[in-house]
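Quick mapping for you: the protein sequence lines, in order, are chains V and H.
To convert, note that position 192 of the first sequence is 192 in full-length UniProt numbering; the numbers rise steadily by one, no gaps.
To convert, note that position 273 of the second sequence is 273 in full-length UniProt numbering; the numbers rise steadily by one, no gaps.
Protein chains: 2
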Amino acid sequence: MGHAAESLWDVEPGESLRVGPGFVLADVDTGSTPGYPGDKKSAVADLAAGAEVFDGLQEMFFANSQLGDKRKILLVLQAMDTAGKGGILRHVIGAVDPQGVQITAFKKPTPDELAHDFLWRIRPHVPDAGKIGVFDRSHYEDVLIGRVRELAPAAEIERRYDAINAFERELADDDTTIIKVMLHLGADEQKARLQERLDRPEKHWKFNPGDIDERLLMPQYREAYQLVFDRTSTPDAPWYVIPADKKWYARLAVQSLLIDALRGMNLSWPVADFDVEHEKKRLAES
Amino acid sequence: MGHAAESLWDVEPGESLRVGPGFVLADVDTGSTPGYPGDKKSAVADLAAGAEVFDGLQEMFFANSQLGDKRKILLVLQAMDTAGKGGILRHVIGAVDPQGVQITAFKKPTPDELAHDFLWRIRPHVPDAGKIGVFDRSHYEDVLIGRVRELAPAAEIERRYDAINAFERELADDDTTIIKVMLHLGADEQKARLQERLDRPEKHWKFNPGDIDERLLMPQYREAYQLVFDRTSTPDAPWYVIPADKKWYARLAVQSLLIDALRGMNLSWPVADFDVEHEKKRLAES
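Structural data, given as structure tokens:
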């Protein structure tokens, strides 16, 4: 539990990083480590220990779905380039059984996708019962790059915030625990990470000239994110803004949010829906 | 390489476990560990070491797809209940970046799926470029349970072997490396594993009374598998029969097949398709 005595945290990310009324993105220090008293070294050990906890809870969560529990989790990951989405997928999500995970990377929409409402391509990828769904980028692109690059008329962008809230309310009503994460990277740290990708030939494949074009629009993206937080951080689908200059902090924070979500379900091993003694007898005779 | 001096194997699984002409399933000892001179203890260490190799190769494989390489891998997993498919997914596939993996579990077909040809529900799940696709059960169910339980007329079952070969040839022509694995479990070991699921309440969710019904048909399933091997082990899509009484052996063998497939691609880091110096300059100015 977030309230357990042995917590790593002075204040849990679920509390300290949650976007509430009056939240101001510009006030967040991207190099900070809110609520975590440790350093990189302790964070590595804490992440490994947390991975075991997460893994055990995820198995129990999945087990319940096999006996009819409809609950599911959706983690939405949004960030500027190099902020560390890939590392979250690899080092946090990668710790649990891949059978229990559904990752969808939303790229630039295809012409076919663009011919439909922006939520059309999203809906087929919402998680199944017992699954942890992860959106690597998401429907929020349509109010982020959509706004910054004016890919749709202003009135349409406006409409989308409400459409998103309605969509997410629908998911919440369908027993989805929604966790929306923005990895908040500083401009200097982004520059260093892009530089590294350019300096190391084995990292070139991760670089795209468009990354610099986007970087030049960072102030506009931050404005667009602020609007997203103002308009779409709801009790059913809250945003968490995670300072991301320190990768170890961001990973630990996302892991904590997921563990909290699972603990909040008060899971136990599902009870057999068959007659155990009868089946033992059948097995013995087989 | 399979031929590297430091190989763990006396004979690589890619050779010793491959189904060729004249293969007889009944001759396989489910408790054996073909080609591996070590024991459980060394296998655990070898699996961990192999996981790093596999992880590194998978990243390079994925990287190439980002620059246009169309190759993909499809691992088909077939087995009787408790044979260890889940453990392969967790401990072998789980070692690589989840972003590079597409797992599909094929359950009992829905009415909608049954209203179409048996390959209809399979096709949408073939792996994308740069991905390792895993079928947890597959189109082979339609000639296994399909045959054993007479879910389709004999002539239709016959037709399916050819349809499968045509389908897999199409995938191979589309740059898919196909690896088909049957985890071959002994009847006694299956009994022990089912017993454990019944004895431990936290394992009850993995048990289904139907598992015993299927167990009673094991001889018929083995006949059906033999026919599958006779009819569908092709140069482009070979079967590998892996003795599975020892989980550690089966995992090491599947990992070896995947590593071999990746090594066989002669991968290197992709070369940038942009002007690196120009981008460095742009970044510096940004």
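We treat Cβ as the ideally placed atom computed from N, Cα and C, and that holds for glycine.
None of these values were measured; they are calculated from a predicted model.
So, using beta-carbon positions, are residue i and residue j closer together than 8 Å?
i	j	result
PHE135(H)	THR104(H)	yes
ALA45(H)	LEU183(H)	no
LEU257(H)	PRO13(H)	yes
ILE259(V)	VAL53(V)	yes
ILE157(H)	ARG147(H)	yes
HIS139(V)	LEU171(V)	no
PHE229(H)	PHE23(H)	yes
GLU59(V)	PHE106(V)	no
LEU47(H)	ALA253(H)	no
PRO34(H)	VAL19(H)	no
TYR249(H)	ALA43(H)	yes
HIS91(V)	ARG193(V)	no
GLY87(H)	ASP245(H)	no
GLN190(H)	ARG215(H)	yes
GLU113(V)	ARG121(V)	yes
MET80(V)	TYR221(V)	yes
ARG137(V)	GLN78(V)	yes
LEU57(V)	ARG197(V)	no
VAL28(H)	ASP55(H)	no
Please classify residue i as buried or exposed, where buried requires at least 16 other C-beta atoms within 10 Å of its C-beta.
i	result
ALA284(V)	exposed
ASN266(V)	exposed
GLU279(V)	buried
HIS204(V)	buried
ALA4(V)	With a pLDDT of only 46 at ALA4(V), under 50, the local geometry of the prediction cannot be trusted, and the value read off the model is given with reservation. Exposed, because fewer than 16 other Cβ atoms sit within 10 Å of the Cβ of ALA4(V).
LYS247(H)	buried
VAL76(H)	buried
LYS180(V)	buried
MET1(V)	Because the pLDDT at MET1(V) is just 41, under 50, the model does not fix this residue reliably, and the value given afterwards should be weighed accordingly. Answer is exposed; the Cβ neighbour count stays below 16.
VAL143(V)	buried
SER268(V)	exposed
LYS85(V)	buried
ASN37(H)	Per the sequence shown, residue 37(H) should be read as Pro rather than Asn. Classification for PRO37(H): exposed.
PHE274(V)	exposed
LYS281(V)	exposed
ASP211(V)	buried
ALA261(V)	buried
VAL271(V)	exposed
ALA49(V)	exposed
ALA187(H)	exposed
PRO21(V)	exposed
ALA166(V)	exposed
ALA237(H)	buried
ALA154(V)	exposed
ALA224(V)	buried
ASP174(H)	exposed
Does any heavy atom of the ligand COA sit closer than 7 Å to the C-beta of residue i?
i	result
VAL143(V)	The ligand COA is absent from the structure shown, which contains no ligand whatsoever.
Determine which residues share a DSSP beta bridge with residue i and list them.
i	result
ILE132(V)	ILE73(V), VAL101(V)
ARG18(H)	TYR240(H)
Please give me, in chain order, every unbroken run of the beta strand (DSSP E) with length at least 3 that falls completely inside the segment 147 to 211 of chain V.
Runs found: 176 to 184.
Report the start-end ranges of each beta strand (DSSP E) in the segment 52 to 120 of chain V that is 3 residues or longer and not cut off at the edges.
For the segment 52 to 120 of chain V, whole beta strand (DSSP E) runs of length 3 or above, ordered along the chain, are 72 to 79, 101 to 105.
Threshold first: 4 residues or longer. Then list the alpha helix (DSSP H) segments lying entirely within the segment 234 to 271 of chain V, N to C.
If only uninterrupted alpha helix (DSSP H) runs of at least 4 residues are considered, those enclosed by the segment 234 to 271 of chain V are 247 to 263.
Are three or more beta carbon pairs between the segment 125 to 139 of chain H and the segment 64 to 82 of chain H nearer than 8 Å?
Touching, yes.
Does the segment 94 to 102 of chain H come within contact of the segment 49 to 67 of chain H, defined as at least 3 CB pairs closer than 8 Å?
Contact annotation: the segment 94 to 102 of chain H touches the segment 49 to 67 of chain H, with at least three C-beta pairs closer than 8 Å.
Does the pairing of the segment 150 to 167 of chain V with the segment 230 to 239 of chain V give three or more beta-carbon distances under 8 Å?
The segment 150 to 167 of chain V is in contact with the segment 230 to 239 of chain V.
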